[in-house]
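In UniProt numbering, the protein residues as written are 673 to 945.
Just so it is clear, CB atoms sit at the ideal spot from N, CA and C, and this is done for glycine as well.
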Ligand code: C2E
Ligand code: CA
Ligand code: CA
Ligand code: CA
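Below is the structure:
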């Protein structure tokens, strides 16, 4: 038993060491990754359940590292949040998404959805940047949605809230991301100017296991509608999930069932946008 524990510990510490190493590499190299052109955006369609049309494209950042290969955003975004690099990275993502999609937005009734970290909502500068970007490309603010996670909203400061209110006043949409991932207080739902609620894929997946969870999703959708919000279900992978969500009057769905995150060019061709 002792030997086994020893081996477990050995494997565990190797795993920790590896993560630590990747953490260090990310920390050191992320700032220059932008200049070196190692970052790019994929987009995933958000589809209306009513007419099965694309309403938005969510921008999802990718880092193709020359030695490590694809580093997942779940790994480098959290590092960038800790180091503060997220502010510069977030600005790059915003500019890139608007620039790449501006023609498509003008030609089609489609918007873009961009993930924001709470750290980005600290600088008043963010408001100036976003206003400059939309006016440069002539995009109506209503075509841009910002996603902020439930976790970050729960922890939001007065300054964060203030910036969200200002964004909303300027016509941008605000979505709450990863809804239902275990944060007990719901009071924030009425404290913030939220337009859309995105139900986390874990909850969508749980519908398969237990019929009670279908009731739970039904209740979330009803609550959101009562509060005047639209609902997007995340991580929809099967026809059955799609049909169930449609019956529950979920407004939009996103997931592999329609498309994984893909290059803009591919989506443009596939969806004739
Ligand atoms: P998220 O915002 O919840 O994004 C959804 C994630 O689920 C994406 O992972 C997407 O590829 C994946 N996904 C989509 N449909 C399905 C499905 O049907 N099944 C399954 N199993 N997965 C699906 P990704 O791209 O790895 O992003 C992970 C997280 O990284 C995002 O979660 C978001 O929190 C963060 N992130 C990604 N891009 C950005 C960004 O530009 N800025 C910020 N601040 N965060 C970002
Ligand atoms: Ca998101
Ligand atoms: Ca999400
Ligand atoms: Ca998530």
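query	result
Rounded straight-line distance, which links the Cα of residue 690 to that of residue 727	40 Å
Residues of its chain near residue 803, where Cβ-Cβ distance is below 8 Å and the 5 sequence neighbours each way are ignored	842
Check: residue 872 C-beta below 8 Å from any heavy atom of ligand 3	yes
Distance cut-off 8 Å: residue 819 Cβ against heavy atoms of ligand 2	yes
Option nearest residue 715 by Cα separation, candidates 697, 752, 782 and 748	782
Where residue 713 falls, given that 16 or more other Cβ within 10 Å makes a residue buried	buried
Every unbroken alpha helix (DSSP H) within the segment 728-757, with a cutoff of 4 residues, ordered by chain	745-755
Where residue 714 falls: helix, strand or coil (DSSP)	strand
Contact test: residue 672 Cβ vs ligand 3 heavy atom, cutoff 8 Å	In the structure displayed, the chain extends from 673 to 945; residue 672 sits before or after that span and is not available.
Three-way DSSP call (helix, strand, coil) for residue 876 in this model	helix
Best match in 939, 837, 704 and 930 for proximity to residue 724 [C-alpha to C-alpha]	930
Backbone secondary structure at residue 852 - three-state DSSP	coil
Collapsed DSSP secondary structure at residue 762 in the structure displayed	helix
Residue 906 Cβ short of 8 Å to ligand 3 heavy atom set	yes
Own chain, CB closer than 6 Å to residue 902, minus 5 neighbours either side, in chain order	868 and 923
Residue 789 beta carbon near ligand 1 (any heavy atom closer than 8 Å)	yes
Supposed close pair residue 876, residue 913 - CB separation, criterion 8 Å	6 Å
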